[in-house]
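Here's the structure, in structure tokens; my notes come after.
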Amino acid sequence: MVIRAFAALLCLVNGLSIAVHAQADTAAINAHHGVILQYHHISNRTPASTSLAPKVFRQHLEILRDEGYRVKPLPELVAALQQGKPLPDRTVVITFDDAYDDIVKTAAPMLAEFGFPFTVFISTDFVDRHQPGYMSWDQLRTLQQSGVTLANHTRSHLHLLRQPEGVSDRQWLDTLRGEVDGAEQRIKDETGEHWRYFAYPYGEADDAIVKAIQSWGYVGFGQQSGAVDKRLLASGMAPRFPFNQMYQDLADFRLKASSLPLPVLEERAPGVVFDVATVPELALTLAPHQRTLTCFASGQGAINAIKQKDGRYLITGNRPIEVGRSRYNCTLPVAGQPGRFHWYSRMWIRKQNDGSWYPEP
1 MVIRAFAALL CLVNGLSIAV HAQADTAAIN AHHGVILQYH HISNRTPAST
51 SLAPKVFRQH LEILRDEGYR VKPLPELVAA LQQGKPLPDR TVVITFDDAY
101 DDIVKTAAPM LAEFGFPFTV FISTDFVDRH QPGYMSWDQL RTLQQSGVTL
151 ANHTRSHLHL LRQPEGVSDR QWLDTLRGEV DGAEQRIKDE TGEHWRYFAY
201 PYGEADDAIV KAIQSWGYVG FGQQSGAVDK RLLASGMAPR FPFNQMYQDL
251 ADFRLKASSL PLPVLEERAP GVVFDVATVP ELALTLAPHQ RTLTCFASGQ
301 GAINAIKQKD GRYLITGNRP IEVGRSRYNC TLPVAGQPGR FHWYSRMWIR
351 KQNDGSWYPE P
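According to the working numbering, the sequence shown is numbered sequentially starting from 1.
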């Protein structure tokens, strides 16, 4: 979907480049970056796709405590990146989406034990109607009083991309603004918090929606993986590493928590949403480096990353992306720091073969 009313605002559309600035092997020294972790449920009794076992979550916290990480509140990370201020290396932020009640029952006591701050992105309609399995406003205010940041995840957790047939671009944009501004107002009314931080439901958006969210004054956070720096924060969809039952390996957690942003100077991509079978071609230009870029695609394993001149790579999958959400992930070893990687992720969304939207599990 492309919203024509915002087409003139786009600085990244099909085939158009963004110029950015980065340096390859000095990022860890300068530490103008951080990693944002994303969780939903901390439970053994909820869907695997949105859950992590409490035992594994505790192991994550132990690694953060014991292996030199600095867990910061989200506002502190955002302010440092926006202002260009240095951060400690291995800075990490912990976030939860949706405001499930196992956050307050299970996760919050563990986080308090370790002294770690965190953020909850709230879908406010579920709280307002006392939906079973969600926190109440009283519980959220209790968390707030202990230093938890409360932020915006829309009112109803809708798919921002699924514009109904017969609804104009302007009408849909008005609907989305009501969802986002409405949630922000409910959070402000109930708690007084008004950060204007926004987590995209399902991590889904196209370039037009991202620009709209930015124009409404929000800092956006996605679900594509990778570390975050000033450029990525300003992109309107800052990366976060999602964790669930499929990502329980602790070596994988260490790899992600210690990652740095890929030193991208320029990127070109053919949009986000595809109606037909497609092998997207991603072009990345990187700052000078002496390491090997390796890329992977969801469900495909290693894919082509062909180096051109002037630090440019052409990255393509081995076959068309699957129906649903998928990613190309690229990593580059950090010079002088074995086991650490620069990390980049690009999200793709493919509809079903008849052009309809796929169902959510």
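Idealized CB from N, CA, C, for every residue including glycine.
Check D102 in the structure and name its three-state DSSP category. helix
Reduced DSSP category for L282 - H, G, I as helix; E, B as strand; rest coil: The three-state reading of DSSP puts L282 in strand, counting E and B together.
Is it buried or exposed, A302, if we count other Cβ atoms within 10 angstroms and call 16 or more buried? exposed
Meets three-Cβ-pair contact criterion under 8 angstroms: the stretch 275 to 282 and the stretch 240 to 255: Verdict: no, contact absent.
Please return the same chain residues whose Cβ sits closer than 8 angstroms to the Cβ of V92, not counting the five positions on each side in sequence. G34, V35, I36, L37, L64, Y69, R70, V71, K72 and A257
Name the DSSP bridge partner or partners of W348? S326
Determine the contact status of W195 and A151, defining contact as a CB-CB distance below 8 angstroms. yes
Between which two residues does the alpha helix (DSSP H) containing T294 stretch? Not the alpha helix (DSSP H): T294 falls in the beta strand (DSSP E), residues T294 to A297.
Check whether the Cβ atoms of F394 and L158 sit closer than 8 angstroms, and answer yes or no. It is not possible to answer for residue 394, since the shown part of the chain is limited to 1 through 361.
Our contact map puts P75 next to H153 with C-beta atoms below 8 angstroms; I'd like the distance itself, whole angstroms only. At roughly 17 angstroms, the Cβ-Cβ gap does not stay under 8 angstroms, so P75 and H153 are not in contact.
DSSP-derived helix/strand/coil call for P132: Taken through DSSP and simplified to helix, strand or coil, P132 comes out as coil.
Span of the alpha helix (DSSP H) holding L37? Per DSSP, L37 belongs to no alpha helix (DSSP H); it is in the beta strand (DSSP E), H33 to Y39.
Give me, in chain order, the residues of the same chain whose beta-carbon lies closer than 8 angstroms to that of Q327; leave out the 5 immediate sequence neighbours on both sides. A small correction: the amino acid at residue 327 is Arg; Gln does not occupy that position in the sequence shown. Correct list, in chain order: Q224, S225, A297, S298, S345, R346, M347 and W348.
How about S156 and D206: do their beta carbons lie closer than 8 angstroms? Contact flag unset, no.
With DSSP as the reference, label I321 as helix, strand or coil. coil
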